[in-house]
Amino acid sequence: MEGLDKLRGDWLARIGEAADEGALEEIRVAALGKKGEISLKMRELGKMSPEERQTAGPALNALKDEVNSALSARKSSLGDAALEARLATEWLDVTLPSRPRRVGSIHPVSQVTEEVTAIFADMGFAVAEGPQIDSDWYNFDALNIPGHHPARAEMDTFYMARAEGDNRPPHVLRTHTSPVQIRHMEAHGAPCRIIAPGRVYRADYDQTHTPMFHQVEGLAIDRDISMANLKWVLEEFFSAYFGTKVKTRFRASHFPFTEPSAEVDIQCSWEGGTVKVGEGDDWLEVLGSGMVHPKVLSAAKVDPAEWQGFAFGMGIDRIAMLKYGIPDLRAFFDSDLRWLRHYGFAALQVPAVHSGV
Ligand code: DAH
């Protein structure tokens, strides 16, 4: 067959010059498509004599194969080139330092609340919660603090405003976490073993007092719970919390909601103006406690003839200051970023009984 060499030369040249995959496809159709030049040539085989066909057939097939493989070779080299071009523009230097990101920190109050919760959870105490705005019945009366009782005045209570003629019972910002005792016993009865951490409010402001602060209440009710259990639980708690054996001292005291009542001190030393807990022979008052008053049990619909137990209330901010050496309570709530970065905790410093934090 004549002209096959020229045909081969032309098509291979065009393929070699194709600038992109689109152009290459056009070339493929023009050569090998239904009406492509090579396809038309193959159709002519039918009109040939058998002798002619015998040489022309294989020659045309060889040409077709050659063009096909030139097409796919060009296609892959165009693909490689396109990838090279992308790689040349879209590169990334993975050795560059990352951009600085602002990282928040966990507030000491949150951290200590978690630490306290982990330690009491280990002793079988569940966490209970109550509202921060509560009725004066839950905050006072049910806790055996009647209207005329001096404790109401001592607590510098914030009362919620009432429109004139609004006769609903007075509500207060809770002055302690003790009302959670009542709410929990009302809802779940006895026996029970809970702590109740949370915010409390009193109109007071100086280096060791802020109008909002944090307490954790403890309550354990069963048939035979005694002050001895209270002492063990508290010593166990303080030793775990401060990471060293801490002695406690119980001093007789008075709270309307407990009988007998005790204030609890922990052993400490004062050296160069700093406190160290768990050594020395000074004492530091850290909480109030006692055996829950029968009237309190009755108010919460728990029969005092059948049940008894202990309760305690402790300042969270105060034990946070002691453990982490934070001198001024007011700074806790100033939202000063420098303070938060200094005293805050990393998010991954999760407290657990075994973690030693
Ligand atoms: N509610 C008391 C306060 O805020 C603390 C307290 C003392 C709680 C004795 C108790 C307790 O549960 O038994 O000062």
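The sequence shown stops at residue 1649 when you use the numbering used here, and every number in between is there. Using N, Cα and C, we set each Cβ at its ideal position, and we do this for glycine too.
| query | result |
| --- | --- |
| Since Glu1555 sits in a beta bridge, which residues does DSSP pair it with? | Arg1543, Gly1580 |
| Since Gly1582 and Ala1603 are thought to touch, with beta carbons under 8 Å apart, how far apart are those beta carbons, to the nearest angstrom? | 7 Å |
| So, Val1416 versus Phe1505, is the Cβ gap smaller than 8 Å? | Rather than Val, the amino acid found at residue 1416 in this sequence is Gly. No, the pair does not count as a contact, with Cβ atoms beyond the cut-off. |
| By alpha-carbon positions, which one of Ala1639, Glu1421, Glu1555 ends up nearest to Ala1271? | Residue 1271 lies beyond the residue range present for the chain, which begins at 1293 and ends at 1649; the question has no answer from this structure. |
| Compare the C-alpha of Ser1364 against each of Thr1381, Gly1308, Lys1327, Thr1409 and name the closest. | Gly1308 |
| Decide if the segment 1509-1521 is in contact with the segment 1624-1639; the criterion is three or more beta carbon pairs, one per stretch, under 8 Å apart. | no |
| In the DSSP assignment, find the alpha helix (DSSP H) that holds His1585 and state where it starts and stops. | No alpha helix (DSSP H) holds His1585; DSSP gives it neither H nor E. |
| Are there 16 or more other CB atoms within 10 angstroms of the CB of His1440, so buried, or fewer, so exposed? | exposed |
| So the beta strand (DSSP E) Tyr1493 belongs to, where does it begin and stop? | 1484-1493 |
| Measuring only from the beta carbon, is Ser1390 closer than 7 Å to any heavy atom that is part of the ligand DAH? | no |
| With three or more C-beta pairs closer than 8 Å as the rule, is the segment 1484-1493 touching the segment 1549-1561? | no |
| Does the distance between the C-beta of Ala1512 and the nearest non-hydrogen atom of the ligand DAH fall short of 7 Å? | no |
| Three or more C-beta pairs closer than 8 Å, one from the segment 1324-1333 and one from the segment 1378-1390: is that the case here? | no |
| Looking only at DSSP bridge pairs, what is Glu1358 linked to? | In the DSSP output, where bridge partners are listed per residue, Glu1358 has none listed. |
| Does the Cβ of Ala1410 lie closer than 7 Å to at least one heavy atom of the ligand NAD? | This structure lacks the ligand NAD; the ligands present are the ligand DAH. |
| Considering only residues of the segment 1418-1491, which uninterrupted beta strand (DSSP E) runs meet the minimum length of 3 residues and lie entirely inside it, listed in chain order? | 1425-1427, 1463-1465 |
| When the Cβ atoms of the segment 1587-1597 are set against those of the segment 1462-1482, are three or more pairs found closer than 8 Å? | yes |
| Helix, strand or coil, according to DSSP, for Asp1516 in the structure here? | coil |
| From the DSSP output, read off the bridge partner residues of Thr1550. | Phe1547, Val1584 |
| Provide the residue span of the alpha helix (DSSP H) that contains Phe1412, from first to last. | 1400-1414 |
| Have a look at Asp1297, Glu1317, Ser1553 and flag the residue whose alpha-carbon is nearest the alpha-carbon of Leu1352. | Asp1297 |
| Is there contact between the segment 1530-1548 and the segment 1568-1577, where contact requires at least three CB pairs shorter than 8 Å? | yes |
| Consider the C-beta atom of Thr1449 and the heavy atoms of the ligand DAH; say whether any pair is separated by less than 7 Å. | no |
| Buried or exposed: where does Leu1526 fall if 16 or more other Cβ atoms within 10 Å of its Cβ makes it buried? | buried |
| Return the first residue and the last residue of the beta strand (DSSP E) that Gly1607 is part of. | 1600-1607 |
| With a CB to CB cut of under 8 Å and the five nearest residues on each side skipped, what residues in its chain are close to Val1584? | Gln1473, Leu1511, Ile1513, Phe1549, Thr1550, Gln1600, Gly1601, Phe1602, Ala1603 |
| Following a CB-centred definition, is Gly1582 positioned closer than 7 Å to any heavy atom of the ligand DAH? | yes |
| What do you get for Leu1332, buried or exposed, if any count of 16 or more other CB atoms within 10 angstroms of its CB means buried? | exposed |
| Measure the CB-CB distance between Val1404 and Phe1624 and report whether it falls below 8 Å. | no |
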